[in-house]
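Line by line, the protein sequences are chains A and B. Each residue of the first sequence is one higher than the last, beginning at 2 in our numbering. Each residue of the second sequence is one higher than the last, beginning at 8 in our numbering. This report refers to the structure that appears directly beneath it.
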Amino acid sequence: MRRARKIQVDHNSEFELDLAPLLAVMVKLVPVLLVSSAFVQMMVIETELPQVVNEAIQRQEDQKTPTNVALEVDPQAIRIVITEKGQEKVETIAMKDGVYDLQGLHNKLVDIKKAHPEVFKIELNPDGKVPYDVIVKIMDEARQARDAKVKFPVFDTKQGKNVETNYMFPEIVFANTMEG
Amino acid sequence: MSRRRRYEPKTKKNSTFGLNITSMTDMFTIMLVFLLQSYSTSEVQINPENDIRLPSSASMTNATESIKISLSGNALKLDQTKIADVKNADFLPQDLEDKDTNFIKPLFQELDKIAKAEDQKDKAHVKEGRILLQADKDLPYATLRKVMYTASMAGFPQLKLVTMVGE
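Here is the structure:
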């Protein structure tokens, strides 16, 4: 009987991997990605919100005498004006070391939101001299709670129960735009 | 006297040599990962203007198709086309309406033209009146308000402020 031929395998042999096709693919991919890369990330501030929050804003607008929260920003201080049942309450956040106390403003807004979870809209009335940068920072403080643990209840009509959100005042309206 | 023959190194004219491309592949892999990280998924490409320093914000909302307006310390531009001059953080008196100093005449004319143009008026962003505003962070609100007021008067009330991510 013939014996089966044993194939000899050299376990110590080295072989070179052909990287040329891989490199060819990469050379083509790199320019494509270079063109479509955004090295400066730019976003927008707008009021696109989850459906539950949108419905809550709608409910606030439907109220006959809704609680109104307005922010008046002038070069000296920020004033929060809360109008509830026709009564006006003003809280002033003074400047700290010549700059706006944004942390103080955020804490005050969190307290207001806790007291009025149904309010989602805020009116912004900046003075003409206030820089745009400051306005954007104030909008940031008002939109969402910084602390992820801080949540506010919103009634979801579909589920028929309260759900939690970290949105505070996502709908910001420049109330004095049309003033002369 | 016999002349010495010049030494000529032996070369194989038809020989090939193998280029080591492993290190180059390494470099390309690193580049690919870096570029994939910064790959933009936004449907709208916003080109930052040279003379505008955008404010930074925590907002992470991508831009949608809109009319693009940019406001720097020197000019007001609509889609890269200069429509009004800005000097000392304010518009020139000839560009403003006499009775209403918040009304920028060239901006209103251009936006009105877009709103009435046959090829533009049926587009969703024109119908809804969406505007993307890139403005310099040092400009005072009074200057921005004029742009907002005029855009609103021209039927573009949905203003979206372009900001940078992070500090």
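Beta carbons: idealized from backbone N, C-alpha and C, even for Gly.
Terminal residues of the continuous beta strand (DSSP E) containing ALA149/A?
Position 148 of the first sequence holds residue 149/A. No beta strand (DSSP E) contains ALA149/A, which DSSP labels as neither H nor E.
Comparing C-alpha positions only, which one of VAL36/A, ASP112/A, MET140/A sits nearest to VAL151/A?
Taking the first sequence and counting its residues from 1, one reaches residue 151/A at position 150. Selected option, being the one with the closest Cα: ASP112/A.
Does the structure place the segment 130–138 of chain B close enough to the segment 91–103 of chain B that three or more beta carbon pairs sit under 8 angstroms?
no
On a CA-only basis, which of ALA82/B, SER77/B, THR48/B is nearest THR71/B? Give me that one, please.
To locate residue 71/B, count along the second sequence from 1; it is residue 64. When ALA82/B, SER77/B, THR48/B are compared, the shortest CA-CA separation from THR71/B is found for THR48/B.
Using a Cβ-Cβ cutoff of 8 angstroms, what residues of the segment 104–122 of chain B are near chain A? List them in chain order.
ASP107, ASN109
Relative to the C-alpha of LYS128/B, which residue among ASP102/B, ASP105/B, ILE74/B, TYR156/B is closest?
Here the question's residue 128/B lines up with position 121 in the second sequence. The shortest Cα separation from LYS128/B among ASP102/B, ASP105/B, ILE74/B, TYR156/B belongs to ILE74/B.
Under a CB-based cut-off of 7 angstroms, is VAL169/B close to chain A?
Within the second sequence, residue 169/B is the residue found at index 162, counting from 1. For VAL169/B, the answer is yes, since a Cβ of chain A falls inside 7 angstroms of its Cβ.
Looking at the C-beta of ALA124/B, does it have a partner C-beta in chain A at a distance below 7 angstroms?
Position 117 of the second sequence, counted from the start, is the residue given in the question as residue 124/B. No, its Cβ sits nowhere closer than 7 angstroms to a Cβ of chain A.
So with CB distances below 8 angstroms, who are the chain A contacts of ALA142/B?
Start at 1 with the first residue of the second sequence, and residue 142/B comes out as number 135. Result: TYR133.
Residues of the segment 143–163 of chain B with a CB closer than 8 angstroms to any CB of chain A: list them in chain order, please.
Answer set for the segment 143–163 of chain B: ASP143, LYS144, ASP145, LEU146, PRO147, TYR148, ALA149, LEU151, ARG152, MET155, TYR156, SER159.
Does the count of Cβ pairs from the segment 46–60 of chain B and the segment 140–147 of chain B closer than 8 angstroms reach three?
yes
Is it the case that the Cβ atoms of ILE79/A and LEU106/A are separated by a distance below 7 angstroms?
Along the first sequence, one-based indexing puts residue 79/A at 78. Along the first sequence, one-based indexing puts residue 106/A at 105. Yes, they are a contact pair.
Find out if the Cβ-Cβ distance for the pair THR32/B, LEU20/A is shorter than 7 angstroms.
Within the second sequence, residue 32/B is the residue found at index 25, counting from 1. Within the first sequence, residue 20/A is the residue found at index 19, counting from 1. Cβ distance < 7 angstroms, so THR32/B and LEU20/A count as in contact.
Is the number of C-beta pairs between the segment 146–164 of chain B and the segment 103–120 of chain B that are closer than 8 angstroms three or more?
Contact holds: three or more Cβ-Cβ distances are below 8 angstroms.
Rounded to a whole number of angstroms, what is the C-alpha to C-alpha distance between THR29/B and PRO22/A?
Position 22 of the second sequence, counting from 1, holds the residue named residue 29/B. Position 21 of the first sequence, counting from 1, holds the residue named residue 22/A. THR29/B and PRO22/A: Cα-Cα distance of roughly 12 angstroms.
Could you spell out the range, first to last residue, of the beta strand (DSSP E) harbouring THR108/B?
Residue numbering aside, residue 108/B sits at position 101 when the second sequence is read from its first letter. From DSSP, THR108/B is part of no beta strand (DSSP E); its letter is neither H nor E.
Use the C-beta contact count for GLU49/A: other C-beta atoms within 10 angstroms, 16 or more gives buried, fewer gives exposed.
Start at 1 with the first residue of the first sequence, and residue 49/A comes out as number 48. Low confidence applies here, because GLU49/A scores a pLDDT of 38, under 50, leaving its location unreliable and the question unanswered by this model.
By the three-class DSSP mapping on this structure, what secondary structure does VAL53/A have?
The residue labelled residue 53/A in the question sits at position 52 within the first sequence. Any reading at VAL53/A needs caution, since the residue's pLDDT is 48, under 50, leaving its predicted position unreliable; the model's value is listed next. Taken through DSSP and simplified to helix, strand or coil, VAL53/A comes out as helix.
Indicate whether at least one CB of chain A lies closer than 7 angstroms to the CB of PRO100/B.
Here the question's residue 100/B lines up with position 93 in the second sequence. It does not: the Cβ of PRO100/B has no partner Cβ on chain A nearer than 7 angstroms.
Please classify PRO127/A: is it buried, with 16 or more other beta-carbons within 10 angstroms of its beta-carbon, or exposed?
Within the first sequence, numbered from 1, the residue matching residue 127/A stands at position 126. Burial call: buried.
Taking all protein chains shown into account, decide if LEU26/B is buried (16 or more other Cβ within 10 angstroms of its Cβ) or exposed.
Position 19 of the second sequence holds residue 26/B. Exposed, by the Cβ-count rule.
Whole angstroms is fine: what's the gap from PHE40/A's alpha carbon to ILE53/B's?
Along the first sequence, read from residue 1 onward, the residue named residue 40/A stands at position 39. Along the second sequence, read from residue 1 onward, the residue named residue 53/B stands at position 46. In a straight line, the C-alpha of PHE40/A is about 12 angstroms away from that of ILE53/B.
Examine chain A for any beta-carbon lying closer than 7 angstroms to the beta-carbon of ARG28/B, and answer yes or no.
In the second sequence, counting from the first residue as 1, residue 28/B sits at position 21. The question names Arg, yet the displayed sequence has Ile at residue 28/B. Judged by the 7 angstroms Cβ criterion, ILE28/B is in contact with chain A.
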